[in-house]
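J.:
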Amino acid sequence: VAVALFVAMGIVEKDKMITGAKIAEGDVIISLKSNLFRSNGFTLIRYILKNELGEKWFEEKYDKTKTWGEVVMTPSKLYHAAVLALTGRYGAARKIDVHGIAHITGGGISGNLNRVLKVNQLGADLTDLWAPQDPMLKLQEYGNVNDKEAYKTWNMGNGMLLICDNKETEG
């Protein structure tokens, strides 16, 4: 008896596939705000908190309502519904032509965004990102982590970047 296992990730029409090939000079980047760390930089997070607060850092109070363990384990925000609303679910019309997507996990903003932009040998000037949340700033302070390293390691408040045609995002 043969048993087949099929796991579906999703169905997309061929004309809606997002490959990065359409990314062009003048496109805009829309940042989707993160809840906190997502799944990146936890080795550094644990190292900093252990050095600052001790072996049981996860039991130490972050504020009046949460421990550091609760803060660090804040569930990630999922973006699939927002992205599908813009790009159009299967059989639905596309609202915005998204040219590229960078999911900001390990490697931070620069590593993940550059991986998408290098398809067309482009760069980006990010001028209006979400601010990092307070726990990220506190970790930078505790661990003496400079901004360059923090943005390379963590998402710093920006969980996903959507690259879109500037004409479609105006107004």
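Here the sequence shown is numbered in our numbering, starting from 1034 and rising by one per residue. Glycine residues also receive a C-beta, built at the ideal position from the N, C-alpha and C atoms. What you are looking at is a predicted structure, and each value in this text was computed from that prediction instead of being measured.
1. Which residue's Cα is closest to the Cα of His1136: Leu1146, Lys1128, Arg1127, Asp1130?
2. Smallest Cα separation from Glu1174: which of Gly1124, Ile1078, Gly1087?
3. Is Val1036 helix, strand or coil by DSSP?
4. Following a CB-centred definition, is Tyr1123 positioned closer than 7 Å to any heavy atom of the ligand FMN?
5. Using the DSSP secondary-structure output, state which residues sit across from Gly1133 in a beta bridge.
6. At the level of alpha carbons, what is the spacing between Ala1037 and Met1050?
7. With 16 other CB atoms within 10 Å as the buried threshold, where does Ala1041 fall?
8. At the level of alpha carbons, what is the spacing between Asp1161 and Met1193?
9. Would you kindly work out how many angstroms separate the C-alpha atoms of Pro1168 and Leu1065, rounded to a whole number?
T.: With the given structure in hand:
1. Leu1146
2. Ile1078
3. Note that Val1036 has pLDDT 49, beneath the 50 cutoff, so the model's placement of it is unreliable and the number below is only indicative. In the structure shown, Val1036 sits in coil (DSSP, three-state: anything other than H, G, I, E or B).
4. Ligands displayed in this structure: none; no statement on the ligand FMN is therefore possible.
5. Ile1196
6. In this predicted model, Ala1037 has a pLDDT of only 46, less than 50, meaning its place in the structure is not dependable; the value taken from the coordinates is given anyway. Their backbone Cα atoms lie some 27 Å apart in a straight line.
7. Residue placement at Ala1041 is flagged as unreliable, the pLDDT there being 44, under the threshold of 50; the coordinate-derived value follows with that caveat. Classification of Ala1041: exposed, given that the 10 Å Cβ count is below 16.
8. 14 Å
9. 18 Å
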